[in-house]
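Novice: Once you know that position 21 of the sequence shown is 776 in our numbering, the rest is easy, because the numbers rise by one and skip nothing. Please see the structure below; I have some questions.
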Amino acid sequence: MSDHSEEVYGPDRAERLLAMLRALAERIQTLDRTGGLLERAPELQKLLGNARSELFHYEVRVTYDTPEIAEGRRIVDEAERRARDAAAGFEDDEDDEPWRRGRDE
């Protein structure tokens, strides 16, 4: 099995993201209480930029399917399609090469 650490968002990284967001919220509240919210705009811009970047990575990677997961999903989808077709009375080869059927069919 190959390493997909860059494509998936693991629990450790998710915990770091939560800590980053909580620290940002705490910093905003502290600056607001002390009246320095607007005066510290450059600091907030940097913190917000870091949080925004990490949130983007989370959003993209938390939905990433590894090749193994994608293959499993494909197999399940194919099985479900075949089950629906069978329930509807279709055979897998029903429409395949109709010219090869005998004339009495």
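Each residue gets a CB set at the ideal place from its N, CA and C atoms; glycine is no exception.
1) Ignore the nearest five residues each way along the sequence and tell me which others in residue 787's own chain have a CB closer than 7 Å to its CB.
2) How about the region 821-837 and the region 786-801: do they share at least three Cβ pairs that are nearer than 8 Å?
3) If we ignore side chains and look at the alpha-carbon of each, how far apart do residue 844 and residue 826 end up?
4) Starting from residue 786, trace the alpha helix (DSSP H) in both directions and tell me its first and last residue.
5) Out of 779, 798 and 817, state which residue places its alpha-carbon closest to the alpha-carbon of residue 767.
6) Alpha carbon to alpha carbon, what distance is there between residue 771 and residue 764?
Specialist: According to the data block:
1) none
2) no
3) 27 Å
4) 766-789
5) 817
6) 11 Å
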